[in-house]
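Structure, as structure tokens:
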Amino acid sequence: MEKKFKNALLKVLDEKTFKNILALSSASGVDQAGLTRFVNTLRAKEEGKEVKNPKDNLNLAAVSKLVDCLGGRLIFPWE
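This is the structure we're talking about:
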């Protein structure tokens, strides 16, 4: 699930569904600085580069907001 989320996030940004990270953070209500660091870390890891100040994860609230904004839906087994 984590890998699917990360791939979807990068795909949306690469396809310019949102103009940039600032537009996505504004639309989703997620902290722009944290999202930028997260995306930069993902991209650097894909390219095999070292990251000076990595951010390897987001909290559940941020992920939930981003999933909602991207049109996805979180489903838990007990629902």
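Numbering-wise (the numbering used here), the sequence shown opens with residue 110 and increments by one.
For each residue, glycine too, the CB sits at the ideal point set by N, CA and C.
Residue i (DSSP reduced to helix, strand or coil)
| i | result |
| --- | --- |
| Phe-147 | helix |
| Arg-152 | helix |
| Leu-183 | coil |
| Asp-123 | helix |
| Asn-166 | coil |
| Asp-140 | coil |
| Glu-111 | helix |
| Lys-158 | coil |
Cβ shell of residue i (< 8 Å), same chain only, five flanking positions each side left out
| i | result |
| --- | --- |
| Val-160 | Asn-149, Thr-150, Ala-153, Lys-154 |
Pairwise C-alpha distance: residue j and residue i
| i | j | result |
| --- | --- | --- |
| Ser-134 | Glu-156 | 24 Å |
| Ser-137 | Lys-125 | 15 Å |
| Leu-118 | Asn-162 | 20 Å |
| Arg-146 | Leu-169 | 16 Å |
| Val-176 | Phe-114 | 8 Å |
| Asn-129 | Leu-122 | 7 Å |
| Arg-140 | Lys-120 | Contrary to the premise, residue 140 reads as Asp rather than Arg in this sequence. If you take the alpha carbons of Asp-140 and Lys-120, they lie about 20 Å apart. |
| Lys-112 | Ala-132 | 23 Å |
| Leu-144 | Leu-167 | 8 Å |
| Lys-174 | Ala-142 | 15 Å |
| Glu-188 | Phe-127 | 31 Å |
Proximal residues to residue i (C-beta, below 7 Å), its chain only, five neighbours per side dropped
| i | result |
| --- | --- |
| Asp-165 | Thr-150 |
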